[in-house]
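This report concerns only the one structure given below.
Number of protein chains: 2
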Amino acid sequence: MDRRRLVEVAAGREKAELVFKGAEVLDVFTGRILPGDVAVEGGFIAGVGSYSGRRERDCRGLVLCPGFIDAHVHIESSMVLPREFVRSVLPSGTTTLIADPHEIVNVCGAQGLRFMLESSEGLPCNLYYMLPSSVPTSPFETAGACFTADEMRPFLGHARVLGLGEVMCFPDVVGGRGEIFEKLALLEGRPIDGHAPALSGHALQAYAAAGVESEHEAVGFAEAAEKARAGMAILVREGSAAHNVVSLVRGLVESGMETDRFLFCTDDKHLDDIWRDGHIRWNLKLAMEEGLAPALALGMASYNTARHYRLPRLGAVAPGYRADLVLLSDLRGVLVEEVYKDGIPASEALKNLGESPPPDPAVLHTVSLPALSEHDLRLPVAEKTDVIGMIPYQLETEHLRESVPQRQGYFTPGGDYAKLCVVERHGRSGNLALAPLKGYGIRGGAIATTVAHDSHNILAAADNDKDLLLAIRRLGEMGGGYVLVRGGQVIGQVPLAVAGLMSTESAEAVRSQVARISKQAHEMGIPYHIDPFISLSFLALPVIPSLRLTDRGLFDVERFALL
Amino acid sequence: MDRRRLVEVAAGREKAELVFKGAEVLDVFTGRILPGDVAVEGGFIAGVGSYSGRRERDCRGLVLCPGFIDAHVHIESSMVLPREFVRSVLPSGTTTLIADPHEIVNVCGAQGLRFMLESSEGLPCNLYYMLPSSVPTSPFETAGACFTADEMRPFLGHARVLGLGEVMCFPDVVGGRGEIFEKLALLEGRPIDGHAPALSGHALQAYAAAGVESEHEAVGFAEAAEKARAGMAILVREGSAAHNVVSLVRGLVESGMETDRFLFCTDDKHLDDIWRDGHIRWNLKLAMEEGLAPALALGMASYNTARHYRLPRLGAVAPGYRADLVLLSDLRGVLVEEVYKDGIPASEALKNLGESPPPDPAVLHTVSLPALSEHDLRLPVAEKTDVIGMIPYQLETEHLRESVPQRQGYFTPGGDYAKLCVVERHGRSGNLALAPLKGYGIRGGAIATTVAHDSHNILAAADNDKDLLLAIRRLGEMGGGYVLVRGGQVIGQVPLAVAGLMSTESAEAVRSQVARISKQAHEMGIPYHIDPFISLSFLALPVIPSLRLTDRGLFDVERFALL
Numbered sequence: 006m007d008r009r010r011l012v013e014v015a016a017g018r019e020k021a022e023l024v025f026k027g028a029e030v031l032d033v034f035t036g037r038i039l040p041g042d043v044a045v046e047g048g049f050i051a052g053v054g055s056y057s058g059r060r061e062r063d064c065r066g067l068v069l070c071p072g073f074i075d076a077h078v079h080i081e082s083s084m085v086l087p088r089e090f091v092r093s094v095l096p097s098g099t100t101t102l103i104a105d106p107h108e109i110v111n112v113c114g115a116q117g118l119r120f121m122l123e124s125s126e127g128l129p130c131n132l133y134y135m136l137p138s139s140v141p142t143s144p145f146e147t148a149g150a151c152f153t154a155d156e157m158r159p160f161l162g163h164a165r166v167l168g169l170g171e172v173m174c175f176p177d178v179v180g181g182r183g184e185i186f187e188k189l190a191l192l193e194g195r196p197i198d199g200h201a202p203a204l205s206g207h208a209l210q211a212y213a214a215a216g217v218e219s220e221h222e223a224v225g226f227a228e229a230a231e232k233a234r235a236g237m238a239i240l241v242r243e244g245s246a247a248h249n250v251v252s253l254v255r256g257l258v259e260s261g262m263e264t265d266r267f268l269f270c271t272d273d274k275h276l277d278d279i280w281r282d283g284h285i286r287w288n289l290k291l292a293m294e295e296g297l298a299p300a301l302a303l304g305m306a307s308y309n310t311a312r313h314y315r316l317p318r319l320g321a322v323a324p325g326y327r328a329d330l331v332l333l334s335d336l337r338g339v340l341v342e343e344v345y346k347d348g349i350p351a352s353e354a355l356k357n358l359g360e361s362p363p364p365d366p367a368v369l370h371t372v373s374l375p376a377l378s379e380h381d382l383r384l385p386v387a388e389k390t391d392v393i394g395m396i397p398y399q400l401e402t403e404h405l406r407e408s409v410p411q412r413q414g415y416f417t418p419g420g421d422y423a424k425l426c427v428v429e430r431h432g433r434s435g436n437l438a439l440a441p442l443k444g445y446g447i448r449g450g451a452i453a454t455t456v457a458h459d460s461h462n463i464l465a466a467a468d469n470d471k472d473l474l475l476a477i478r479r480l481g482e483m484g485g486g487y488v489l490v491r492g493g494q495v496i497g498q499v500p501l502a503v504a505g506l507m508s509t510e511s512a513e514a515v516r517s518q519v520a521r522i523s524k525q526a527h528e529m530g531i532p533y534h535i536d537p538f539i540s541l542s543f544l545a546l547p548v549i550p551s552l553r554l555t556d557r558g559l560f561d562v563e564r565f566a567l568l
Numbered sequence: 006m007d008r009r010r011l012v013e014v015a016a017g018r019e020k021a022e023l024v025f026k027g028a029e030v031l032d033v034f035t036g037r038i039l040p041g042d043v044a045v046e047g048g049f050i051a052g053v054g055s056y057s058g059r060r061e062r063d064c065r066g067l068v069l070c071p072g073f074i075d076a077h078v079h080i081e082s083s084m085v086l087p088r089e090f091v092r093s094v095l096p097s098g099t100t101t102l103i104a105d106p107h108e109i110v111n112v113c114g115a116q117g118l119r120f121m122l123e124s125s126e127g128l129p130c131n132l133y134y135m136l137p138s139s140v141p142t143s144p145f146e147t148a149g150a151c152f153t154a155d156e157m158r159p160f161l162g163h164a165r166v167l168g169l170g171e172v173m174c175f176p177d178v179v180g181g182r183g184e185i186f187e188k189l190a191l192l193e194g195r196p197i198d199g200h201a202p203a204l205s206g207h208a209l210q211a212y213a214a215a216g217v218e219s220e221h222e223a224v225g226f227a228e229a230a231e232k233a234r235a236g237m238a239i240l241v242r243e244g245s246a247a248h249n250v251v252s253l254v255r256g257l258v259e260s261g262m263e264t265d266r267f268l269f270c271t272d273d274k275h276l277d278d279i280w281r282d283g284h285i286r287w288n289l290k291l292a293m294e295e296g297l298a299p300a301l302a303l304g305m306a307s308y309n310t311a312r313h314y315r316l317p318r319l320g321a322v323a324p325g326y327r328a329d330l331v332l333l334s335d336l337r338g339v340l341v342e343e344v345y346k347d348g349i350p351a352s353e354a355l356k357n358l359g360e361s362p363p364p365d366p367a368v369l370h371t372v373s374l375p376a377l378s379e380h381d382l383r384l385p386v387a388e389k390t391d392v393i394g395m396i397p398y399q400l401e402t403e404h405l406r407e408s409v410p411q412r413q414g415y416f417t418p419g420g421d422y423a424k425l426c427v428v429e430r431h432g433r434s435g436n437l438a439l440a441p442l443k444g445y446g447i448r449g450g451a452i453a454t455t456v457a458h459d460s461h462n463i464l465a466a467a468d469n470d471k472d473l474l475l476a477i478r479r480l481g482e483m484g485g486g487y488v489l490v491r492g493g494q495v496i497g498q499v500p501l502a503v504a505g506l507m508s509t510e511s512a513e514a515v516r517s518q519v520a521r522i523s524k525q526a527h528e529m530g531i532p533y534h535i536d537p538f539i540s541l542s543f544l545a546l547p548v549i550p551s552l553r554l555t556d557r558g559l560f561d562v563e564r565f566a567l568l
């Protein structure tokens, strides 16, 4: 940034490189929208007022506002690399991402974070990272890595590393134990994100006293208000699975509470949803529909977040701020006419985007399996056995005790029951765990994925052991992804070569591959109220009730213990 | 801060050291006042809710709010050292000061800043400093030091040095010239304070584009709103000379503008006013009288400021925040019942205050005068000559052209005219300048001071040269202060041994010395609408219209040039 040059333009002594003429300019500082020209020079805003430029963009009838910021996002959930993610979100106005690379770090450790930093260099988006705080997520599963305070230290000097990512181990924090306190001390004074669904009362006070400064898991307004009073910024989330904007914004509007500590985020949002609804733009639209004043909503999508995360000169249309700008043709509809990053039209910036460099080998070939035979896939069962029961339209499961079909004491899947299998794939323990799964409905084959929160071991389901083994082995050969097997044949696959989580292909290619394989999976009997791969991927996550399967066995979430 | 211990208390597993029971607790984050207990441990707040403690303070009927923060203050204007300043402001609720040691640095350079840092160690007040940006203030006078970007560098690592103090040389900034740009670059990313009375339009945009982030000189609301839109935090000032709360807060209330970027400050406030009205407490009281919601006003006095200056864990009654607290017995009257600093009652903290260490010799003996005789004090005058005319109740002066009494071509003071004299006292140039002064009214003697903004040369006025010389010489012997001479006798003096600006005595002693000498000065004919020393001290400041006298001669502020 050439400050003197910016001053020359602001003072009117030099013509600006680009002037937005006659826009309705959002001022996030006073919550007003006022007419004016905006002069841009060298990627920064020089001034707002009356200006002329070497290039002028007629903005009559358009609202000019700061580029949108996602306060908390897991890029890996889109299954594409940062370059393709930016291509997907920038056109709808998102110019800054605060990402938590929790998934890839669970597989690859510090190498994963390094890869995410490198592969987001030079993109037309400010891409900041938080250090994943909880890798591994739990002691009841085997992750690919352990990301300790010592391993965090080398990243502290990186200009795009901001603070500590969502502190999920809230029982440890509230209990005053565990190595999380080392990490909290290491990141003291920097932003520290929270994740503590329904935490309240003394436990919430303890969590905040430990230094946690934000929360994106609040689903009701009373919960959000209590957390706000405890000093936490509230990240109002609208993602693919979690839809919190309507209830939280309704509470804000009804209570008349100050909004300056409320921000927007997506957390996890799939490509299909991004391409259909846009990204943070969608949070904004829903918020305004609930009656939130547009200027306040836009503040939640920009300046509030920049200020909370101590990002200077970001999130406002004002002198000295980055020229990350969105032109809206309709304010309340949040219809995005054009997006500028560093004063350059997004369409141009994306056209000139170079190819991604080939991924670092350290994040490839991350599937390392034990030698397996069909023999290993046998599951001995008793008269009554523990069964994971899927519930339509929910991520929660039922803990059932049932008689399942068997032969010679071994479970024989089919009918209502599939065989669920987790294989540790990081080459650490060789663990393999099995359980009957009810209500998933696969017929005549097997489905398998290396996307399985949070340790991302192989999760597979089948109605026969032969196809199950084939699906698992194919994932090993592919280095991870989605696989579908029918009658001894691989009929579909989506390679996710990077950590078994992200494709190296374009967003368009990944969308069509996923659409095709999902259609095939439904054709094999998986009901339409279940997303074949995404619903499967949560069956190993040992924090959602009631019964889960990790590589170490069945996990009872209510008792918080392995069976 | 022992985070684990704080967590134990917050979680309710350990009893708190101190609990404020049953208070009405101000929550600055949501702008609400809600009943609750507040648990304090090791100087920090552990939790808000229901707590019991080893010690409990019954707070029924009291409002508990965060300690007040002054966003911009020149401690030197009180003429006492930081220790005595804190003794004066803490009882009315101020627990944090963001001070700009502009005056002492004008006299002593980096040594002055070092002294202010050292002499504020261990006080029961968070005392932060901004680096004076404009020393010397102007090229038209001789200051004691030049504080360059290079000299600033060693202070950047100090935990209590925050950023760049008020950038007064706004014409240089707007003009894109001068070494101020080195300082702006050096302090990039840190808070940078402004000072630009009435700056507007393109010039204001340029000033903001240069990186200036705050303004305390806005006197009308339209001016404040324009500056707020340019991205500046607005410091709403109520000092001894400047009274901006009523007009700015009225504008806030009438417009309904968001208040989160508005803060409070005093800038310059004399001991008498502090002891009578309190400190930031007085800004609050006036703001509430104008109809500002108490919770918003209290936010302006606490969290808004801490956030703007990036002071973590300060300015809120919430877990993990410093236990700097104020109990109010009357919310709208801002009646301070008790103040706590780091969880310790202010009365106790002040009682246990050690003696100040003797000041560093580097800030003593700062008056170095040329050899002077009555001969040097002769002022040759023509038929019509330039006269500084004082205007009742104002700091502005008139530029008069008049015939003044004379003998043999030399001005003879008396009647309406005194002789005004500036003597360079830093041992740099030996400059001496003289001018007739109309309307000051001293009879039968001389008055002199080393407090004279911003270079703090000796400023003296008299109706005869003999007393004038005596007064100047006495200041030299004293090492600075206030002096009053009548008929060849020194009849009053206030020694200001530190830089000629601050006394080493107690606030009480200084107040009574100043009251006594001011009374004597009025008895010598200085009218009651003039403050003898303070009005005098502004006569050398070459930024207030119309005519001033610096050590280099008469300065025409309208033409911005020496005559």
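Sequence lines, in order, name chains R and S. Using the numbering used here, read the first sequence as starting at 6 and increasing by one per residue. Using the numbering used here, read the second sequence as starting at 6 and increasing by one per residue. Every residue gets a Cβ at the ideal spot worked out from N, C-alpha and C, and that includes glycine. Note that the structure is a prediction, hence the values are computed from the model and not measured.
Count the other C-beta atoms from every protein chain shown that fall within 10 angstroms of the C-beta of residue i, then say buried if there are 16 or more, exposed otherwise.
i: residue 357 of chain R; result: exposed
i: residue 284 of chain S; result: buried
i: residue 458 of chain S; result: buried
i: residue 380 of chain R; result: exposed
i: residue 196 of chain R; result: buried
i: residue 568 of chain R; result: exposed
i: residue 151 of chain S; result: exposed
i: residue 40 of chain R; result: exposed
Kindly list, in the order they appear in chain R, the residues whose Cβ is closer than 9 Å to that of residue i.
i: residue 179 of chain S; result: 12, 15 and 16
Against residue i, what residues of chain R qualify as contacts under a CB-to-CB distance less than 8 Å, listed in chain order?
i: residue 192 of chain S; result: Ordered by position in chain R, no residue passes the 8 Å Cβ test against residue 192 of chain S, which lies about 12 Å from the chain.
i: residue 323 of chain S; result: 213, 234, 235 and 236
i: residue 317 of chain S; result: 194
Can you check whether the C-beta of residue i is within less than 7 Å of a C-beta belonging to chain R?
i: residue 388 of chain S; result: no
i: residue 77 of chain S; result: no
i: residue 175 of chain S; result: no
i: residue 207 of chain S; result: yes
i: residue 32 of chain S; result: yes
i: residue 537 of chain S; result: no
For residue i and residue j, which I take to be in contact (beta-carbon distance under 8 Å), what is that distance rounded to the nearest angstrom?
i: residue 523 of chain R; j: residue 515 of chain R; result: Actually they are not in contact, since the Cβ atoms of residue 523 of chain R and residue 515 of chain R sit about 12 Å apart, beyond 8 Å.
i: residue 345 of chain R; j: residue 330 of chain R; result: 4 Å
i: residue 188 of chain S; j: residue 157 of chain S; result: 7 Å
i: residue 452 of chain S; j: residue 526 of chain S; result: 6 Å
i: residue 268 of chain S; j: residue 240 of chain S; result: 5 Å
Which residues in chain S sit within 8 Å of residue i, going by Cβ to Cβ distance?
i: residue 326 of chain R; result: 236
i: residue 53 of chain R; result: 210, 234 and 235
i: residue 4 of chain R; result: Shown here, chain R extends from 6 to 568; a query on residue 4 of chain R therefore has no answer.
Taking 7 Å as the CB-CB limit, is residue i close to chain S?
i: residue 272 of chain R; result: no
Please list, in chain order, the chain S residues whose beta carbon lies closer than 9 Å to that of residue i.
i: residue 35 of chain R; result: 230, 233, 234, 260, 262, 263 and 266
Could you name each continuous beta strand (DSSP E) segment of 3 residues or more that falls completely within the region 479-523 of chain S, going from the start of the chain to the end?
486-491 and 494-500
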